[in-house]
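Participant:
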Amino acid sequence: RPVALGGPASYIVVHGYSMAGTLAPGDLVVTMSEAAYSAGDTIVYHVPSGAGRGVLVVHRIVSVGPDGYTMQGDANSYQDPWHPQVSDVVGRLVLTMPGFGRVAAALANRWVLGALWGFVALALGLAFLPESPGLKPRRIGKLTLKQGVRGAHKATGAATTVAVISMVGLVLVSAVVVIS
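Each residue of the sequence shown is one higher than the one before, starting from 34 at the first, in this note's numbering.
Next comes the structure, spelled out in structure tokens:
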């Protein structure tokens, strides 16, 4: 379960280069909350104080002391100025999904989400359109084609037009609902 639902799991999308070699910008990192952490663990923590207070950082624990965890990014030549406590830690890295953070961020974009739902509505609507009664099968070799018959029912064309206009309307309505 995710932290928002009272569970121990959380995730973060990596943005910087301080963990280069281990993590890259755009990676999705999944973490699990634990009672304690040890040297060598890669954790996500909230900056406990100063100008960056509350910002999430993904770094490795260098050592554990009475003043908290000493942290350092794998690609950094220096240690972090903060010493987070257990209460500042979101969790220990348990899974890395390279590049998937970019996909997750794109799916979280309200315009992309609106367009996706719109296309789903359009595809579902088009799947239920009635077949024209004016079409009859015609075989050419192994292929079966549907060919119109003279004097086919004129209401079919009107029904199809109404159905397509309705589906386009659903796309627009779903996009507006998701965006607002």
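Even glycine gets a Cβ: it sits at the ideal position worked out from N, Cα and C.
In this text the structure is predicted, and so the values were computed from the model without any measurement.
If we count the other Cβ atoms within 10 Å of its Cβ and call it buried at 16 or more, is Val47 buried or exposed?
Facilitator: The residue in question, Val47, is buried, as its Cβ has 16 or more Cβ neighbours within 10 Å.
Participant: What would DSSP say about Met130, mapped onto helix, strand or coil?
Facilitator: Three-state DSSP puts Met130 in a strand.
Participant: What separation, rounded to the nearest whole angstrom, lies between the Cα atoms of Gly49 and Ala72?
Facilitator: Each residue's alpha carbon lies about 22 Å from the other.
Participant: Return the residue from the list Val123, Val201, Arg143 and Trp144 that minimises the CA-CA distance to Leu157.
Facilitator: Cα-wise, what sits closest to Leu157 is Val201.
Participant: In angstroms, rounded to a whole number, what distance separates the CA positions of Ser43 and Ala154?
Facilitator: One C-alpha to the other measures close to 31 Å.
Participant: Going by Cα to Cα distance, which pick from Tyr70, Glu67 and Val91 is closest to Ala53?
Facilitator: When each option's Cα is compared against that of Ala53, the closest is Val91.
Participant: According to DSSP, is Val153 part of a helix, a strand, or is it coil?
Facilitator: Note: Val153 maps to helix in three-state DSSP.
Participant: Give me, in chain order, the residues of the same chain whose beta-carbon lies closer than 6 Å to that of Pro41; leave out the 5 immediate sequence neighbours on both sides.
Facilitator: Excluding residues within five positions, the ones whose Cβ falls inside 6 Å are Met65 and Ser66.
Participant: Between which two residues does the beta strand (DSSP E) containing Val91 stretch?
Facilitator: Leu89 to Gly98 is the span of the beta strand (DSSP E), which, as asked, contains Val91.
Participant: Can you name, in chain order, every residue of its own chain whose Cβ lies under 8 Å from the Cβ of Val63, other than the five neighbours on each side?
Facilitator: Ala42, Ser43, Tyr44, Leu126, Val127, Leu128, Thr129 and Met130, listed in sequence order.
Participant: For the candidate residues His79, Val136 and Asp107, whose alpha-carbon lies nearest to that of Leu56?
Facilitator: Checking every option, the nearest Cα to that of Leu56 belongs to Asp107.
Participant: Just mark Thr75 as buried or exposed, buried being the case when its beta carbon has 16 or more other beta carbons within 10 Å.
Facilitator: Classification for Thr75: buried.
Participant: Would DSSP call Ser120 helix, strand or coil?
Facilitator: Ser120 falls in the helix class under three-state DSSP.
Participant: Is the CB-CB distance between Gly134 and Val77 below 7 Å?
Facilitator: It is not a contact, given that the beta carbons lie outside the stated cut-off.
Participant: According to DSSP, is Val195 helix, strand or coil?
Facilitator: The answer is helix: DSSP assigns Val195 an H, G or I state.
Participant: Measure from the alpha carbon of Ser82 to the alpha carbon of each residue in Arg143, Leu61, Ala69 and His116, then state which is nearest.
Facilitator: When each option's Cα is compared against that of Ser82, the closest is His116.
Participant: Relative to the C-alpha of Gly101, which residue among Val80, Trp150 and Val195 is closest?
Facilitator: It is Val80 whose Cα lies nearest to the Cα of Gly101.
Participant: State the DSSP-derived secondary structure class of Ala25, mapped to helix, strand or coil.
Facilitator: Here the chain covers residues 34 to 213 and nothing more, so residue 25 does not appear.
Participant: Closer than 7 Å by C-beta to Ala84: which residues in its own chain qualify, once you throw out the five before and the five after it? Chain order, please.
Facilitator: If we look at Ala84 and ignore the five residues flanking it on each side, it has no Cβ neighbours.
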